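Colleague:
In our numbering, the protein residues as written are 1 to 175.
1) From residue 28 to residue 65, what does the alpha carbon distance come to, in whole angstroms?
2) Could you tell me whether the segment 14–28 touches the segment 142–162, where touching means 3 or more Cβ pairs closer than 8 Å?
3) What does the alpha-carbon distance come out to for the pair residue 26 and residue 33?
4) Taking the alpha-carbon of residue 156 as reference, which of 31, 82 and 12 has the nearest alpha-carbon?
5) For the alpha helix (DSSP H) holding residue 113, just list the boundary residues, first then last.
6) I'd like to know whether the C-beta of residue 123 is nearer than 9 Å to at least one C-beta of chain D.
7) When the Cα atoms are used, what is the spatial distance from residue 158 to residue 50?
8) Enumerated in chain order, which unbroken segments of the beta strand (DSSP E) with a length of 3 residues or greater are wholly contained in the segment 34–82?
9) Spatial neighbours of residue 82 within its chain, please: C-beta separation below 6 Å, excluding the five flanking residues on both sides.
10) Considering only the beta carbon of each residue, do residue 86 and residue 79 sit closer than 9 Å?
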């Protein structure tokens with residue numbers, strides 16, 4: 001059986017979901033036997049590849065780069081998983097949503113038009129931080145802030161074995 005092609009992506013979030021993924025500890029060995037990590041912030045790969053079987057996307061869509069990347073991911077991945085509460089609901093990343101983009105920039109930089117933030121140098125901040133499903137269809141939701149390593153494994157292991165993922169139980173919760 002060929003290895004599953006898996007990717008992980010990090011948008012507007014704290015990287016806690018990726019830290020929980022690394023907390024799989026010895027289960028990472030089983031993961032490596034059954035999957036190839038083809039794109040991730042924990043690997044030095046620059047372009048999102050074609051034909052990805054499963055992608056776990058952490059964080060909300062907060063800027064133009066995230067938006068472009070998510071649209072590309074949706075085209076190239078068979079299964080898209082909203083990985084953690086920021087990807088599922090917007091969570092902490094969306095706390096800025098009641099404020100205008102200009103207000104956020106003014107508060108952070110002291111001006112609505114700070115030098116160096118032109119499109120191309122730094123991705124343009126979107127008017128709101130969005131959960132993934134507000135932009136593209138999502139196949140699975142893996143909540144938690146962050147989801148525990150056990151919760152991630154309960155979801156991933158069946159996928160690695162070619163089965164339907166486990167999406168129920170007491171450990172499937174937000175926060």
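A virtual CB, placed ideally from N, CA and C, is assigned to each residue, including glycine.
Everything numeric in this text was worked out from a predicted model, so none of it was measured.
Modeller: Taking the definition as stated:
1) As a first step, residue 28 is located in the chain shown; it is residue number 28 there, counting from the start. As a first step, residue 65 is located in the chain shown; it is residue number 65 there, counting from the start. Spanning the two alpha carbons is a distance of roughly 29 Å.
2) yes
3) Counting from 1 along the chain shown, the entry for residue 26 is found at position 26. Counting from 1 along the chain shown, the entry for residue 33 is found at position 33. About 12 Å.
4) Locating residue 156 in the chain shown gives position 156, where the first residue counts as 1. Ranking 31, 82 and 12 by Cα distance to residue 156 puts 31 first.
5) Taking the chain shown and counting its residues from 1, the one referred to as residue 113 is at position 113. Careful: residue 113 lies outside any alpha helix (DSSP H) and carries neither H nor E.
6) Although the question refers to chain D, the structure presented lacks it and comprises just one protein chain.
7) As a working mapping, residue 158 is identified with position 158 in the chain shown. As a working mapping, residue 50 is identified with position 50 in the chain shown. Taking the straight line joining both Cα atoms gives about 23 Å.
8) 35–39, 52–58 and 61–63
9) Locating residue 82 in the chain shown gives position 82, where the first residue counts as 1. Same-chain partners within the cutoff: 88, 132, 138 and 141.
10) Along the chain shown, read from residue 1 onward, the residue named residue 86 stands at position 86. Along the chain shown, read from residue 1 onward, the residue named residue 79 stands at position 79. No, Cβ-Cβ distance for residue 86 and residue 79 is not below 9 Å.
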